[in-house]
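Undergrad: If you're matching positions, the sequence shown starts at 373 in the working numbering and goes up one per residue. Note that the Cβ used here is the ideal one computed from N, Cα and C, for glycine as well.
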Amino acid sequence: MYLNSPITQFESLSSTTEPNPEEPEIEKTPVEVSFKTPSLPPSVGEGAIYLNNRGNSLALQKSEELQRTLLAHRHDRQLVILQDFPDPDALSCAWAYQLIAQQYDIKCEIIYAGALSHQENIALVRLTNLPIQRWTPQTLKTKDLSCYQGFVLIDNQGTTSQLLSAVQQAGIPLIVLVDHHSIQGDLQSEFEDIRPYVRATATIFTQYLQTGLLALDSSINQHVKCATALMHGLRSDTDRLMQAQEEDFMAAAYLSRFYDAQLLNAILQANRSKRVMDVIERSLKNRIVQNNFSIAGVGYLRYEDRDAIPQAADFLVTEENVHTAVVYGIVHDEDEELEIVIGSLRTSKLTLDPDEFIKEAFGQDSAGRFFGGGRTSAGGFEIPMGFLSGSNENSAYAKMKWEVFDAQIKQKLLRLVNPRDNPIQSE
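Structure representation (structure tokens):
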């Protein structure tokens, strides 16, 4: 479906096509789209909506619902909570939400608890001046949370953020939840838009822009940078559009009118650090390959180097006769005295579902939340070490602890890689 007229605040939209005198006349039916609430910001005048048939009605419906939610929370102050290690999809969508919310005089602070360690994420934030703040659990203790009327979860459902429990304990309600991962918990939100079949949350937010929730203007520098960030997020979560579906391509086509290609290229050209290269080297040295699976434990990593793990998995999956790579390590945050096992999966095997594979391998915690999950071609897991955290100054103990976790993770993975009951079919 293609509509080439803007949506305005007070009128429905009607699109008709003038007949071509040289062609046989075909009966044309006007297409009408109506927003029930009269205060939707005007959209771009030229080609406001590019939505395919499947996503059109849902996108319009969700945009209306989100608009009503924002209207009900005019003048509020909100926290936008991202996963501890936010990726380009999360970063760009949080920024888009902030710009949309500004039109309703809603002030948003975008926060995360972990680290920006991937070189492209660091470049994205620095080159675009993306407004994000790091709040550790210690930082939360110094904050007056009573000034916030709500919080927002974007590209996550709280299971990958240390901040969720503290915000919930402060009695702050969940206002908006937008994600493209499968449902991971029983969160209650005023507005919810979870679409697991969509490849990137950036696609969902671009559809919000297309339906008129924010009129992108290529003469506004902040809009250009946000569009560039959304293009990067969409590109990143669809494996450079290799895994993109029709909705993703349509979203990319819309963003192409506003994004800065040179800025995006600068973000993508960011160099790997020496520490990332060291982790990739460790993964090569420690990997075992069975049934076309490459599995590698890389030992202990600093918290700020966490994003070296998925980069190592990206590298291992390119090896000949390997269709799936899993890399994991123990990530240690000295400031917070926190340790967690973090792993990433990358696959080129179309019949392997990363979400099912990771959930089957590592199961759930005592609260019923899975330790990990995934999407097409990629996944990840995080397993808190709890009582066994710390005491790594004793090298013998640290070595023994790693060997136990390494052996247990390999055992759980190999149970599926070399199954007796064949829960994961091999080609």
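(1) For G752, which beta-bridge partners are listed by DSSP?
(2) Under the rule that 16 or more other beta-carbon atoms within 10 Å means buried, what is V570, buried or exposed?
(3) Using the C-alpha atoms, what's the distance from A638 back to S591?
(4) Report back the beta-carbon spacing between A680 and S464 to the nearest angstrom; my notes put them in contact at under 8 Å.
(5) Let me know the beta strand (DSSP E) ranges lying completely inside the segment 654 to 724, each 3 residues or longer, listed in chain order.
(6) Any beta-carbon of chain B closer than 7 Å to the one on V570?
(7) With the cut-off set at 7 Å, would you say R678 and S489 are in Cβ contact?
(8) Got a sec? Which residues, its chain only, sit under 8 Å from A485 by beta carbon, not counting five neighbours each side?
(9) Within the continuous alpha helix (DSSP H) that includes A577, where are the two ends?
(10) Grab me the residues of H695's own chain with a C-beta within less than 7 Å of its C-beta, minus the 5 sequence neighbours each way, in chain order.
(11) Whole angstroms are fine: how far does the CA of F630 sit from the CA of V689?
(12) Taking a contact to mean a Cβ-Cβ separation below 7 Å, would you say D705 touches Y675 in this structure?
(13) Run the proximity test for N693: is its beta-carbon closer than 6 Å to any non-hydrogen atom belonging to the ligand GTP?
(14) Less than 7 Å separating the beta-carbons of W467 and L502?
(15) Determine the contact status of D551 and Q529, defining contact as a CB-CB distance below 7 Å.
(16) Is it the case that the Cβ atoms of I544 and F563 are separated by a distance below 7 Å?
(17) Pick helix, strand or coil for D727, following the three-state DSSP scheme.
(18) Can you give, in chain order, each stretch of the alpha helix (DSSP H) that sits fully within the segment 526 to 558 and has at least 4 residues?
(19) Contact between the segment 596 to 613 and the segment 444 to 452: three or more CB pairs below 8 Å?
(20) Cβ of D461 within 7 Å of Cβ of A633?
(21) By how many angstroms is the C-alpha of V670 removed from the C-alpha of N658?
(22) With distances taken between CB atoms, is the gap from A668 to S716 smaller than 7 Å?
(23) Can you tell me which of E754, D778, A697, Q433 puts its alpha carbon nearest to the alpha carbon of L710?
(24) Around the Cβ of M622, are there at least 16 other Cβ atoms within 10 angstroms (buried) or fewer (exposed)?
(25) Taking contact to mean 3 or more Cβ pairs, one atom from each stretch, closer than 8 Å, check whether the segment 727 to 746 and the segment 778 to 793 are in contact.
(26) Counting C-beta neighbours from all protein chains within 10 Å, is the total for T748 16 or more, i.e. buried, or is it exposed?
(27) In the DSSP output, which residue or residues are listed as bridge partners for Q736?
(28) State the Cα-Cα distance for the pair D613 and Y626, rounded to the nearest angstrom.
TA: Inspection of the coordinates gives the following:
(1) S716, G745
(2) buried
(3) Rounded to the nearest angstrom, the two C-alpha atoms are 21 Å apart.
(4) Here A680 is actually not in contact with S464; their C-beta atoms are around 22 Å apart, not less than 8 Å.
(5) Here the runs fully enclosed are 660 to 662, 665 to 674, 696 to 705, 710 to 719.
(6) Protein chain content of the structure displayed is limited to a single chain, and chain B is not contained in it.
(7) yes
(8) By the criterion of a C-beta distance shorter than 8 Å, A485 is surrounded in its chain by D456, R506, W507, T508, P509, S533, Q534, L535, once the five residues flanking it on both sides are discounted.
(9) According to the sequence as given, residue 577 is Phe; it is not Ala. Per DSSP, the continuous alpha helix (DSSP H) segment holding F577 begins and ends at 573 to 582.
(10) N664, T719, S720, K721
(11) 34 Å
(12) yes
(13) Of ligands this structure carries none, so the ligand GTP is not represented either.
(14) yes
(15) yes
(16) no
(17) helix
(18) Taking only runs of at least 4 residues, the alpha helix (DSSP H) segments lying wholly in the segment 526 to 558 are 536 to 541.
(19) no
(20) no
(21) 7 Å
(22) Taking a C-beta distance under 7 Å as the contact criterion, A668 and S716 do not qualify as a contact pair.
(23) E754
(24) Buried is the call here.
(25) yes
(26) Classification for T748: buried.
(27) F742
(28) Sequence inspection shows Leu at residue 613; the Asp mentioned does not correspond to that position. Whole-angstrom Cα-Cα distance: 15 Å.
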